[in-house]
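Protein sequence lines correspond, in order, to chains A and B. Following my numbering, the numbering of the first sequence begins with 3 at its first residue and continues without gaps. Following my numbering, the numbering of the second sequence begins with 3 at its first residue and continues without gaps.
Protein chains: 2
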Amino acid sequence: MEIKVGIAKTNKYAVSDCGDSVETVERPRGGISIMLADGQGSGKAAKMTSSLVVNKAAQLIAEGARDGAVARAVHDYLYAMKDGKVSSTLTILSADYDAQILLFCRNSNCPVIVRGQFGIDVYEQEVAPIGVHKQMKPLLEQTILEPGTILVSYSDGVQAAGRKRGKVMDREHIIKIIEKHSPGDATFIAEFILEYALELDDYRPGDDMTVIVMGVTETETDHKIEKISVSFPGPS
Amino acid sequence: MEIKVGIAKTNKYAVSDCGDSVETVERPRGGISIMLADGQGSGKAAKMTSSLVVNKAAQLIAEGARDGAVARAVHDYLYAMKDGKVSSTLTILSADYDAQILLFCRNSNCPVIVRGQFGIDVYEQEVAPIGVHKQMKPLLEQTILEPGTILVSYSDGVQAAGRKRGKVMDREHIIKIIEKHSPGDATFIAEFILEYALELDDYRPGDDMTVIVMGVTETETDHKIEKISVSFPGPS
Chain A
3 MEIKVGIAKT NKYAVSDCGD SVETVERPRG GISIMLADGQ GSGKAAKMTS SLVVNKAAQL
63 IAEGARDGAV ARAVHDYLYA MKDGKVSSTL TILSADYDAQ ILLFCRNSNC PVIVRGQFGI
123 DVYEQEVAPI GVHKQMKPLL EQTILEPGTI LVSYSDGVQA AGRKRGKVMD REHIIKIIEK
183 HSPGDATFIA EFILEYALEL DDYRPGDDMT VIVMGVTETE TDHKIEKISV SFPGPS
Chain B
3 MEIKVGIAKT NKYAVSDCGD SVETVERPRG GISIMLADGQ GSGKAAKMTS SLVVNKAAQL
63 IAEGARDGAV ARAVHDYLYA MKDGKVSSTL TILSADYDAQ ILLFCRNSNC PVIVRGQFGI
123 DVYEQEVAPI GVHKQMKPLL EQTILEPGTI LVSYSDGVQA AGRKRGKVMD REHIIKIIEK
183 HSPGDATFIA EFILEYALEL DDYRPGDDMT VIVMGVTETE TDHKIEKISV SFPGPS
């Protein structure tokens, strides 16, 4: 078995800082997690908020905390630091080798789309963002960790793509992309969905956009080699 | 301009935990850093040590601390936590957009190889690892942030590849690989060097092996899109 992660991310048009932050982290008892946060607003302040959120989450996961506790602790941290005045979304996708599950944890208005053995499920129950309410509960779901599964999520900028131009993002189009590809295409799926959202916004994104994809494949090689590739845009 | 990061990593043969840890993190004032730590020993304990080191370093960089201060603070942290009894290497490669430099910070017996405009430089002055000496200074070097530059470093398992089999890693071979490729091939360079080291060890690595590469390219696209791909090995 192998986990393939694909992430594609871009800034709001004409804004130099991206208010979405994303990070991957290895789990101490085996596996990998992706964290995506969309900080309130856009630009520098939003970037600082979302960066604080994903870095705190990554640190806690690396220390062995379970995902639900991580979401709660990061909420409490943001609530304390910003006095309950700044919100952020937080989505965590985890391949947990210890529990042999795929786990996803939402505090976001955007869905987690799961392609499993028996088709596609969209998890989008309403849930509050973190940072602003005294009480907060993340929505946790899990599915079996088995080859063939794909998890997809994204930030608000993707969800709302085209809206300012009288167009609507067609969820079915995204689901078709996921259905048509295999878990090994995680990178391709992420870039394809981002491209679709950019197109809807005439390549002038109305908000920061991030797509995260996690796919579970059959093992491809004899040697257990971890590979990471990053392409990081230059200074603006 | 774009930064391309390539990382390739594998475990010591027949050991399920990798004692090397590596992480990338976005810099709050622009740019990206890669941190590589090789924890003392191998297996679970080494993994915990190196994971603690890179996660602390990532957290501090995300909070805006400068690289030299990060290395010192992480040393102090490891020294305090493990009572000066556990060592780790730490190498940080940074593309710092704010200062417009490439910065590299070594507390490792392995070199940083730099391909610049005027050829290859190998930085390998002796320096102590972190965690075990009361006094500790990282070796910091910098070069101009310009397209064409490639930074390469690796962990001890690569440096010592073949040694138990009476073979010697040929540094010139690695330098030729770097000379022959462009900064856009960061991923390829990392995988190629790891492959070379694995070959020297007859594909039964005598130690954990990690290669990290950072390349600076001309901007390739109009849209500032960040892309991350991870291929993460399954449970053993």
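All C-beta atoms, glycine included, are put in the ideal place defined by N, C-alpha and C. Nothing here was measured: the structure is a model prediction, and the numbers come from that model.
Contacts of residue i in chain A (Cβ-Cβ under 8 Å)
{"i": "residue 225 of chain B", "result": "12, 200, 205"}
{"i": "residue 6 of chain B", "result": "231, 232, 233, 234"}
{"i": "residue 221 of chain B", "result": "235, 236"}
{"i": "residue 91 of chain B", "result": "Within chain A, no residue comes near residue 91 of chain B; the closest Cβ sits about 18 Å away, beyond 8 Å."}
Contacts that residue i makes with chain A (C-beta to C-beta distance below 7 Å)
{"i": "residue 163 of chain B", "result": "Residues of chain A passing the Cβ test: none, with the nearest at roughly 14 Å."}
{"i": "residue 99 of chain B", "result": "237"}
Which listed residue (the options) has its alpha carbon closest to that of residue i
{"i": "residue 208 of chain B", "options": "B/165, B/234, B/51", "result": "B/165"}
{"i": "residue 230 of chain B", "options": "A/212, A/226, A/225", "result": "A/212"}
{"i": "residue 76 of chain A", "options": "A/174, A/138, A/175", "result": "A/138"}
{"i": "residue 24 of chain B", "options": "B/44, B/115, B/14, B/57", "result": "B/57"}
{"i": "residue 111 of chain A", "options": "A/158, A/172, A/45, A/147", "result": "A/158"}
{"i": "residue 86 of chain A", "options": "A/53, A/70, A/42", "result": "A/42"}
{"i": "residue 6 of chain A", "options": "A/106, A/188, A/234", "result": "A/188"}
{"i": "residue 252 of chain A", "options": "A/68, A/120, A/107", "result": "The displayed coordinates of chain A run from 3 to 238. Any statement about residue 252 of chain A would go beyond what the structure contains."}
{"i": "residue 120 of chain B", "options": "B/148, B/141, B/134, B/51", "result": "B/148"}
{"i": "residue 129 of chain A", "options": "A/117, A/47, A/97, A/92", "result": "A/92"}
{"i": "residue 203 of chain A", "options": "A/14, A/33, A/186, A/179", "result": "A/14"}
{"i": "residue 169 of chain A", "options": "A/186, A/199, A/191", "result": "A/199"}
{"i": "residue 16 of chain B", "options": "A/167, A/37, A/50, A/226", "result": "A/226"}
{"i": "residue 126 of chain A", "options": "A/115, A/132, A/33, A/136", "result": "A/115"}
{"i": "residue 105 of chain B", "options": "B/185, B/216, B/237", "result": "B/216"}
{"i": "residue 48 of chain A", "options": "B/30, B/36, B/61, B/152", "result": "B/30"}
{"i": "residue 44 of chain B", "options": "B/38, B/235, B/52", "result": "B/52"}
{"i": "residue 236 of chain B", "options": "A/100, A/36, A/74", "result": "A/100"}
{"i": "residue 96 of chain A", "options": "A/89, A/122, A/163, A/69", "result": "A/69"}
{"i": "residue 180 of chain A", "options": "A/141, A/38, A/154, A/12", "result": "A/154"}
{"i": "residue 185 of chain B", "options": "A/234, A/84, A/210", "result": "A/234"}
Three-state secondary structure (DSSP) of residue i
{"i": "residue 31 of chain A", "result": "coil"}
{"i": "residue 113 of chain A", "result": "coil"}
{"i": "residue 144 of chain A", "result": "strand"}
{"i": "residue 89 of chain A", "result": "coil"}
{"i": "residue 157 of chain A", "result": "coil"}
{"i": "residue 48 of chain B", "result": "helix"}
{"i": "residue 78 of chain B", "result": "helix"}
{"i": "residue 238 of chain A", "result": "coil"}
{"i": "residue 18 of chain A", "result": "coil"}
{"i": "residue 205 of chain B", "result": "coil"}
{"i": "residue 118 of chain A", "result": "strand"}
{"i": "residue 133 of chain A", "result": "coil"}
{"i": "residue 4 of chain A", "result": "strand"}
{"i": "residue 123 of chain A", "result": "strand"}
{"i": "residue 170 of chain B", "result": "coil"}
{"i": "residue 138 of chain B", "result": "coil"}
{"i": "residue 128 of chain A", "result": "coil"}
{"i": "residue 162 of chain B", "result": "coil"}
{"i": "residue 178 of chain A", "result": "helix"}
For residue i, the residue or residues it bridges with in DSSP
{"i": "residue 151 of chain A", "result": "In DSSP, residue 151 of chain A forms no bridge with anything."}
{"i": "residue 10 of chain A", "result": "A/213, B/229"}
{"i": "residue 97 of chain A", "result": "A/34, A/104"}
{"i": "residue 60 of chain A", "result": "Residue 60 of chain A is not bridged to any residue."}
{"i": "residue 24 of chain A", "result": "A/38"}
{"i": "residue 218 of chain A", "result": "A/5"}
Contacts of residue i in chain B (Cβ-Cβ under 8 Å)
{"i": "residue 3 of chain A", "result": "236, 237"}
{"i": "residue 30 of chain A", "result": "49, 50, 53"}
Per-residue contacts from residue i into chain B (C-beta, under 9 Å)
{"i": "residue 9 of chain A", "result": "228, 229, 230, 231, 232"}
{"i": "residue 26 of chain A", "result": "25, 26, 230, 232, 234"}
Chain A residues whose Cβ lies nearer than 9 Å to that of residue i
{"i": "residue 131 of chain B", "result": "Simply none; closest approach about 21 Å."}
{"i": "residue 34 of chain B", "result": "232, 234"}
{"i": "residue 145 of chain B", "result": "None at all; the shortest Cβ gap to chain A is about 16 Å."}
7 Å Cβ cut-off: residues of chain B touching residue i
{"i": "residue 195 of chain A", "result": "Chain B residues near residue 195 of chain A: none, gap ~12 Å exceeds 7 Å."}
Discussion item. At a CB distance below 8 Å, what residues from the stretch 147-172 of chain A approach chain B? Give them in sequence order.
Written reply: none
Worksheet item: In chain order, what residues of the stretch 50-65 of chain A put their CB closer than 9 Å to some CB of chain B?
Response: 50, 53, 54, 56, 57, 58, 60, 61, 64, 65
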